[in-house]
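As structure tokens, the structure follows; a few thoughts come after it.
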Amino acid sequence: MSKEQVKAILDRVLTWPSERQEDAAKMLMLMESADENVYRLRDGQAEEVRRRQADPNPRRLTLDEFKERLRRRIDL
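Here it is in structure tokens:
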């Protein structure tokens, strides 16, 4: 999208009712603040998140399984 197209959209936003303008401003501020986040997923991590979200039958751990995994990690 070109800068001219973005400017045209933002100019149209100024013609919207004030409540909708506020919603648009809040959304843009949220998007902007997301760029300030110091935490970023590496490509491999982001791919793993996408893979897990796409899994129709995610495996769940029982509390005992979780405790066992945690114990093994601590005992390394």
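Residue numbering for the sequence shown follows our numbering, beginning at 8 and increasing consecutively. Where is the CB? At the ideal position from N, CA and C, for every residue including glycine.
Item, Value
"Using beta-carbon positions only, say whether P65 and R59 come within less than 8 Å of one another.", "yes"
"Helix, strand or coil: which one does DSSP assign to M38?", "helix"
"Roughly how many angstroms separate the alpha carbons of L35 and V20, rounded to a whole number?", "12 Å"
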